[in-house]
Amino acid sequence: MFSRNKSSAPSSNDAPDPVAAAAEIEKAGGKGRPTPKRKVAEAANKRPLVPSDRKSAAKTARQQQRDARDRQFQAMQTGDERYMPARDKGPVKRYVRDYVDARWNLGEFFLPVALVFIVLTFVFNQNLNMATIIIFVLYGIVLITIIDAFIMWRSLKKRLIAKFGPSAPKGNAMYAVMRAFQLRRARLPKPMHKKHGTFPE
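Using UniProt numbering, the final residue of the sequence shown is 201, and nothing's skipped along the way.
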């Protein structure tokens, strides 16, 4: 009466087989394939550092560089800042360029005038007095152009501070002066206005 039912006791035959259970788990949610060894996985993930076809890779790289230079040159002609060099990008740089291009700068005439004086020094090489006068006049022109560039920068600096804040002039003095000493037609990026006198607001 109080004895256990023999049929309800678990038999040794009903115990789960660990191998079969593992197989069932793998089929249900596993990968369904054996895990690859570490060496095999590392070999599969390796990529060659040097392309197999170096000649083709070099040709592709040269073409990409050529395309980048062409885009940059076109941007310098049209004013498209997306492809300009980093030194020419930004509203502050654009303002500096527009101000310098709108102004008559003595520096933009310096190069052709200096070439004329160099020719004159060769012509009057035998005339010591004349050659000395030419040299002093050339030095005077250099001094005047430097003073003019200084005046230009003082005015531009005030405008930059008023428009962009106290930190705007930082690093832009040489950028403005170098542009002022270039021939207007040779400046890059190209001036956006063809004539002098159109100052930025």
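A virtual CB, placed ideally from N, CA and C, is assigned to each residue, including glycine.
Practice task
Please decide whether L183 counts as near chain D, where near means a Cβ-Cβ distance under 7 Å.
Solution key: The structure shown has no chain D; it contains just one protein chain.
Problem - V177 to V123 span [Cα, whole Å] - result: Cα to Cα, the separation comes out at about 32 Å.
Practice task
Please list, in chain order, all residues of the same chain as G107 whose beta carbon is under 6 Å from its beta carbon, the five residues on each side excluded.
Solution key: Once the five neighbours on either side are set aside, the close Cβ partners of G107 are T145, A149, A180 and F181.
Practice task
Please state whether DSSP places A75 in a helix, a strand or coil.
Solution key: A75 sits in a helix when the DSSP states are folded into three classes.
Exercise for the section: Verify whether the separation of the beta carbon atoms of A173 and L160 is less than 7 Å. Expected result: With a cutoff of 7 Å on beta-carbon distance, A173 and L160 are scored as not near each other.
Exercise for the section: Verify whether the separation of the beta carbon atoms of L143 and F117 is less than 7 Å. Expected result: Not in contact: L143 and F117 (Cβ atoms no closer than 7 Å).
Exercise for the section: Identify whether L183 lies in helix, strand or coil by the three-state DSSP scheme. Expected result: Three-state DSSP puts L183 in coil, outside helix and strand.
Practice task
Just the C-alpha distance for Q72 and P85, rounded to the nearest angstrom, thanks.
Solution key: Going from the Cα of Q72 to the Cα of P85 covers about 7 Å.
Exercise for the section: Answer with buried or exposed for A75, where buried requires no fewer than 16 other C-beta atoms within 10 angstroms of its C-beta. Expected result: Buried, since its Cβ has 16 or more Cβ neighbours within 10 Å.
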